[in-house]
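J.: The following block contains the structure, expressed as structure tokens.
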Amino acid sequence: MESTPHHATTLVIGSGVAADGSLAVDTADIQGEHCMRCWLDGAADAPTPTPCALAQGHPLTVGTLVQPLPSPRWHRIPARTAVVLVEAGGLAVVWFWSLGPVELGRTTHTVEAAEVAPMASTLANLPRPALTALHAAIARDPNAPAVAHLARKVADILS
Numbered sequence: 197m198e199s200t201p202h203h204a205t206t207l208v209i210g211s212g213v214a215a216d217g218s219l220a221v222d223t224a225d226i227q228g229e230h231c232m233r234c235w236l237d238g239a240a241d242a243p244t245p246t247p248c249a250l251a252q253g254h255p256l257t258v259g260t261l262v263q264p265l266p267s268p269r270w271h272r273i274p275a276r277t278a279v280v281l282v283e284a285g286g287l288a289v290v291w292f293w294s295l296g297p298v299e300l301g302r303t304t305h306t307v308e309a310a311e312v313a314p315m316a317s318t319l320a321n322l323p324r325p326a327l328t329a330l331h332a333a334i335a336r337d338p339n340a341p342a343v344a345h346l347a348r349k350v351a352d353i354l355s
């Protein structure tokens, strides 16, 4: 992932149970990104890695990966990571692609920049299985115009 002299950003990917009952990586469940150096330099009893703030001030442009900041309105969204579909000044439309096709109010939400945290990781930094899953979600989406700009970005990365 993206690094600076002080930070080494690492995506934290979730896990699930495979059909055979074994543990499997769930690339649709990007739980966050953390600076492993910050975590390793911290207290020995640190319960979780320290979130990395590399992307603060990053503009919300199409294809930016974001995570919702704590807010009462997010209690109903089980996904942790979304991608910006449309940007307009201080507002953006974000899609929690692991929850299904674009559907306003369920998988897609209009947010203010202060309601989400842009990730330092980009679409190009996603593990190949996660990018392939996003590409498949775009291809299956019945609302092609809503995902057209994102589709071009993902196709360029995959080619």
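When the letters of the sequence shown are read in order and numbered with our numbering, they come out as residues 197 to 355.
Yeah, the Cβ is synthetic: ideal placement off N, Cα and C, and Gly gets one too.
Is it the case that the Cβ atoms of LEU256 and PRO314 are separated by a distance below 9 Å?
T.: The Cβ-Cβ distance between LEU256 and PRO314 falls below 9 Å.
J.: Could you tell me the distance, in whole angstroms, from the CA atom of VAL289 to the CA atom of HIS345?
T.: 12 Å
J.: PRO264 lies in the beta strand (DSSP E); which residues open and close that run?
T.: 261-264
J.: Between the alpha carbons of THR246 and GLU229, how many angstroms are there, rounded?
T.: Model confidence at THR246 stands at a pLDDT of 48, short of 50, so the residue's coordinates are unreliable; what they give is reported in the following sentence. Distance between the alpha carbons of THR246 and GLU229 is about 9 Å.
J.: Going by CA-CA distance only, name the one from LEU219, ARG348, THR260 that's closest to THR318.
T.: THR260
J.: Report buried or exposed for ASP352, applying the criterion of at least 16 other Cβ atoms within 10 angstroms of its Cβ.
T.: Residue environment: ASP352 is assigned as exposed (fewer than 16 neighbouring CB atoms within 10 Å of its CB, all protein chains considered).
J.: In terms of residue numbering, what span does the alpha helix (DSSP H) encompassing PRO268 cover?
T.: That residue, PRO268, is in no alpha helix (DSSP H); it is neither H nor E in DSSP.
J.: Under 7 Å Cβ to Cβ from LEU219, same chain only, skipping five residues before and after it: list those, please.
T.: SER211, VAL213
J.: Based on the DSSP output, what are the partners of ASP222 in its beta bridges?
T.: GLY210
J.: Mapping DSSP to helix, strand and coil, what is ALA313?
T.: strand
J.: Tell me where the alpha helix (DSSP H) around ALA332 begins and ends.
T.: First-last of the alpha helix (DSSP H) with ALA332: 324-336.
J.: Assuming VAL258 and LEU295 are in contact, meaning their beta carbons sit under 8 Å apart, how far apart are those beta carbons, in whole angstroms?
T.: Between LEU295 and VAL258 the Cβ distance is about 19 Å, and since that is not below 8 Å, they are no contact.
J.: Are PHE292 and THR306 closer than 9 Å when you measure CB to CB?
T.: no
J.: What number of angstroms, rounded off, separates the C-alpha of GLY301 from the C-alpha of ARG269?
T.: 11 Å
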